[in-house]
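Written below as structure tokens is the structure these notes are about.
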Amino acid sequence: MNKDAFAVIGQPLPKIDAWGKVTGETRYADDLVLPRMAYAKLLRSPHPHALIKRIDTSRARAVPGVYAVITGHDLPRVKFGILPVSQDEEALCTEKVRMVGDAVAAVAAVDEETAERAAELIEVDYEPLRPLMSIEEALAHPEVRIHEYGDGPNVHKNVSLQFGDVEAAFASADLVREDVFFYEGNTHLPMEQHAAVAAWGADGKLTLWSSTQTPHYVHRMLAKILDVPGAHIRVIAAPVGGGFGGKLDPFAHEIAVCKLSQLTGRPVKITLTREEVFYVHRGRHPVLMWLKTGFTREGDITGSHIKTWLDGGAYGSYGVASTFYTGVINPVTYKMPAYKFEGARIFTNKPPCGPKRGHGTPQPRFALECQIDKAAEQLGLDPADMRWRIVAEPFTKTANHLTITTIGLRECIDRVVEASGWREKRARWKRPVRAAASPPQSGLGEALERRSEAPVGASAASSSKRKKGVGIACSAYMTGAGTAIYWNNMPHSGVIVRADRSGGVAVLCGATDIGQGSDSILAYLVAEVLGIAPMDIRVHAADTDLTPVDLGSYSSRVTLMCGVAAIQAANRLKRVVVDAVARKLEVEPKTVVAREGRVGVPDDWDRALRFAQAVELAEAMHGVLAFAGSYAPPKRAGKYKGGGVGPSPCYSYSACVVELTADTETGDVVLDDVW
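For what it's worth, our numbering labels the leading residue of the sequence shown as 7, then goes sequentially.
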């Protein structure tokens, strides 16, 4: 639909929370101050791998201003984790630490300084164990176990999937490339550190304000760990100053402040330091990848086989899903008639990796795009034309049973090629075709030996050490995960839209705005349906007492899933309001429209009612005007183990052209332009 058909959608509007953020009025979790509030600090392990032999908290308890000190023995001995298959974390470690930064004790005191000073007085006797700091070390020393569960010694998850005859596909290819790539991990650095405030009310119920992307899952975790009925727990996601996947998991500090608040009878707040944010981590996995792909001389892919090794760090987090994601999404972008994927996530004594931006998919995307460039160079094909040719077709199924609906990737390629002057730059900077290197073997040892090799790029053929280059890459990602973390038949998102007699509209949604603007998007959608201004809408988000369940802000899901639920709820409200106005004006409801803050018949607009009047009229006829909408994605999981990872209601696609200048001696790169 043309954007001119919309009054709100597509217009250059400010975010509904913009004023509060730019003026500093927005109250993040660390800004919350409650009466009689105490402040908490965690004592963390200095060892990457060690047994805990003794913890003595007596000196810390004796510090003036200290209200409580707890260890893991003060909590139920129940482990937790975001995935049901990886319940391997303790809020406070009791017997063993598995990384530098593991929490072993917590202190609540009159202020942060006192809490920190008391934490430093806690005496912990450790028995150091051999640390396993890399994939190679973890696999080479199976006698040293980081965890006692998994698919092998220090192997969190093994995946092996094959669809079609891959060997026959390679035999039919004109070119078969085998390449090894290594994608280094990285961590999060959101503007806002993790923070949480817990308070037990006089009614014996708990409220937790936290900087979290998943209040529903935090609520679920607290009920389990604290052994408190879920009905007695309220989790509110405070405004989040950046998430990116780093605030998706339930965390130890959230549990600690809840327990400290229960013991002290005071609200308790904790704000992690920057260093602690790095311990919490959940950053991008370092991934070693071996990729073998067959191509015809025209550039079509006959089949592909990818092996991935993920350095998962000390705990499970989303790691099982991340392992699958390093392999299952590739066929969504390009046609691959036969496909094989083998992946392994390895435990190491480092902070746990997680679902940072793209959740396991940027790493194999990097590998595949580099390999396509290498193949295009050998085949004498334009990399943009080759990609355009092999783009997956709309309304098809991939080899691994993922359903593709609409796809606009060819249009994306056309646009960036034209806007960047791709063909002119390629003609000007074309480099000579290089012969293929000898193929690497597919084992971990051989892959490790070759992982430092740099990928081929397209650059100017020049004797100067500074060279110009231009490159293209494509990508695909989910628009919301098609299956929930805990499989069930419940909706993934719910929204309530309620109108009041003043003409204001409240939108209640369980999703968290982590800076991506989801609160504003919901306001725009509801405003479009009801024909009112977005500023007449108040969004109440991410409060487990007030808002319907939403599974969280991740996997690019909120606009689609919550948006559909919001439109559904707003249309239900609109029908009641329009019907009331139609009765008042004695016209057919189908002739009544809502626009510009009024409700009436376009041909008799002078008689149109203000939206507030229309709401009063409808409420007098029908009672309170509150309507719900919900969204559950179509069930498209493949009929194989692991088939629940990868399905999506639809996939989003992108193409990008980059021009750069690189120093071939120092490796210095200057990004000149991006399209």
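The beta carbon of each residue, even a glycine, is placed where N, CA and C say it ideally should be. A quick note: this is a predicted structure, and the numbers were derived from the prediction, not measured.
Where residue i sits in the DSSP three-state scheme
i: methionine 197; result: coil
i: methionine 227; result: helix
i: leucine 531; result: helix
i: aspartate 519; result: coil
i: glutamate 459; result: Low per-residue confidence applies at glutamate 459: pLDDT is 49, beneath 50, and the placement is therefore not dependable, though the value from the model is reported in the following sentence. In this structure, glutamate 459 counts as coil in the three-state DSSP scheme.
i: valine 246; result: coil
i: proline 18; result: coil
i: lysine 265; result: helix
i: asparagine 494; result: coil
i: threonine 295; result: The displayed chain sequence assigns methionine, not threonine, to residue 295. Strand, per DSSP.
i: lysine 474; result: strand
i: methionine 567; result: helix
i: isoleucine 239; result: strand
i: histidine 55; result: coil
i: aspartate 108; result: coil
i: tryptophan 681; result: coil
i: proline 90; result: coil
i: aspartate 10; result: helix
i: alanine 258; result: helix
i: histidine 755; result: In the structure as shown, the chain starts at 7 and stops at 681, and residue 755 therefore has no counterpart that could be examined.
Contacting residues, own chain, Cβ-Cβ under 8 Å from residue i (five flanking each side not counted)
i: serine 458; result: Reliability of the predicted coordinates at serine 458 is poor, the pLDDT of 45 falling under 50, and no value is obtained from them.
i: aspartate 23; result: Thr32, Pro245, Asp519, Asp525 and Ser526
i: glutamine 219; result: Ala243, Val246, Gly249, Gly251, Lys253, Leu254, Thr518, Ile520, Gly558, Ser559 and Tyr560
i: valine 501; result: Val513, Leu514, Cys515, Leu528, Pro554, Cys568, Ala571, Ala572, Gln574, Ala575, Ala634, Gly635 and Ser636
i: lysine 645; result: His407
Option nearest residue i by Cα separation, candidates the options
i: phenylalanine 284; options: Ala175, His238, Tyr223 and Gln199; result: Gln199
i: valine 570; options: Thr367, Gly26 and Leu528; result: Leu528
i: threonine 354; options: His162, Leu57 and Asn577; result: His162
i: tryptophan 493; options: Gly305, Gly191, Leu89 and Val72; result: Leu89
i: alanine 111; options: Glu149, Ala258, Glu383 and Gly210; result: Ala258
i: valine 584; options: Asp551, His628 and Val564; result: His628
i: methionine 139; options: Glu122, Val172 and Met105; result: Met105
i: isoleucine 231; options: Ile141, Arg60, Val130 and Asp94; result: Asp94
i: arginine 393; options: His287, Pro370, Gly305 and Pro358; result: Gly305
i: proline 343; options: Phe86, Thr404, Glu594 and Tyr324; result: Thr404
i: threonine 339; options: Met496, Gly319, Glu129 and Phe372; result: Phe372
i: lysine 436; options: Ala548, Glu383 and Arg421; result: Glu383
i: valine 532; options: Val545, Gly523 and Gln522; result: Val545
i: alanine 539; options: Leu591, Ala548 and Glu602; result: Glu602
i: tyrosine 34; options: Arg151, Ser216 and Asn577; result: Ser216
i: leucine 666; options: Trp428, Gln377 and Thr100; result: Trp428
i: glycine 156; options: Val91, Leu552 and Ser166; result: Val91
i: asparagine 160; options: Gly319, Asp10, Glu122 and Val28; result: Gly319
i: lysine 590; options: Asp612, Leu623 and Arg563; result: Leu623
i: valine 14; options: Ser499, Ile543 and Pro337; result: Ile543
i: proline 370; options: Val69, Leu294 and Gly650; result: Leu294
Own chain, CB closer than 6 Å to residue i, minus 5 neighbours either side, in chain order
i: valine 75; result: Thr63, Ala66, Arg67 and Val113
i: serine 178; result: Thr308
i: arginine 290; result: Gly191, Asn192 and Lys362
i: glutamine 268; result: Trp206
i: isoleucine 276; result: Ala46, Ala202, His259 and Val263
i: threonine 213; result: Ala205 and Arg240
i: lysine 298; result: Glu184 and His311
i: aspartate 549; result: Ile242
Beta-carbon proximity list for residue i, same chain, < 7 Å, skipping 5 on both sides
i: lysine 580; result: Val535, Leu536 and Ala600
i: glutamine 168; result: Lys346
i: arginine 604; result: Ala614, Leu615, Arg616 and Phe617
i: alanine 505; result: Val511, Leu579, Val621 and Leu631
i: valine 72; result: Ala66, Val113, Ala115, Thr120 and Ala124
i: proline 256; result: Phe86, Ile88, Tyr223, Val224 and Met227
i: leucine 385; result: Leu181, Phe301, Arg303 and Gly305
Proximity test, residue i beta-carbon vs the ligand COA heavy atom, cut-off 6 Å
i: alanine 179; result: Of the ligands one can find in the structure shown there are none, so the ligand COA has no counterpart to examine.
key: Sufficient close CB pairs (3 or more, under 8 Å) joining the stretch 328 to 335 to the stretch 142 to 149   = no
inquiry  = Threshold first: 4 residues or longer. Then list the alpha helix (DSSP H) segments lying entirely within the stretch 140 to 173, N to C.
reply    = 141 to 146
Complete runs of the alpha helix (DSSP H) confined to the stretch 308 to 360 [at least 4 residues] = 325 to 334 and 336 to 339
task = Return the chain-ordered ranges of every beta strand (DSSP E) run that is complete within the stretch 589 to 617 and spans a minimum of 3 residues.
result = 599 to 601 and 604 to 606
message = Just to confirm the assignment: which complete beta strand (DSSP E) runs, minimum length 3, are found wholly within the stretch 617 to 666?
response = 631 to 637
task = Starting from the N-terminal side, write out each stretch of the beta strand (DSSP E) that is 3 residues or longer and does not extend beyond the stretch 350 to 421.
result = none
task = Report yes or no: do three or more beta-carbon pairs, one from the stretch 390 to 398 and one from the stretch 408 to 417, lie closer than 8 Å?
result = yes
Inter-stretch contact (C-beta, 8 Å, three-pair minimum) for the stretch 469 to 478 and the stretch 657 to 673 = yes
task = Evaluate contact between the stretch 341 to 355 and the stretch 313 to 327, counting only Cβ atoms and requiring at least three cross-stretch pairs below 8 Å.
result = yes
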